[in-house]
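Novice: Below is one structure. I have some questions about it.
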Amino acid sequence: SSESSSWGCYGDIRTLHTPGASCGIGRRQGLSYCGVRASERLAEIDMPSLLRYRPVMRTVGQKYCVDPAVIAGVLSRQSHGSNVLANVDGVGDGVKVVQLCPSPLP
């Protein structure tokens, strides 16, 4: 969208070329394919959950000069927009959209 061009502190995300989701991620999510196609499908699945955070993503994006689409991508990858939250052996909180662990997981 034209809105994305107004978040340009770190460049235009529309010019990035990425390999997309790994085949391992695709398989874990029940897909038989990987790459950009898998990333697009996972984004479609997560979109309804992510939309509830749209106002916050815009506010944070403006404050830190980060395109809200980048924030949405992180939220999607971390917790599917909070559709899937996990607590790994009591290490992570597992209660927020982006889960932070105090130490690296094995």
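Numbering (this note's numbering), first residue to last: 473 to 578. Glycine included, each C-beta is placed from N, C-alpha and C at the ideal position.
(1) For a minimum of 4 consecutive residues, which ranges assigned as the alpha helix (DSSP H) are wholly contained in the stretch 504–545?
(2) For residue 540, does the count of other Cβ atoms within 10 angstroms reach 16, so buried, or fall short, so exposed?
(3) Note down, in chain order, each residue of its chain lying with its Cβ closer than 6 Å to the Cβ of residue 481, except the 5 sequence neighbours on either side.
(4) Taking Cβ to Cβ, would you say residue 547 is nearer than 7 Å to residue 522?
(5) Check for me: the alpha helix (DSSP H) holding residue 497 runs from which residue to which?
Specialist: A quick look at the data gives this:
(1) 508–523, 526–536
(2) buried
(3) 537
(4) yes
(5) 495–500
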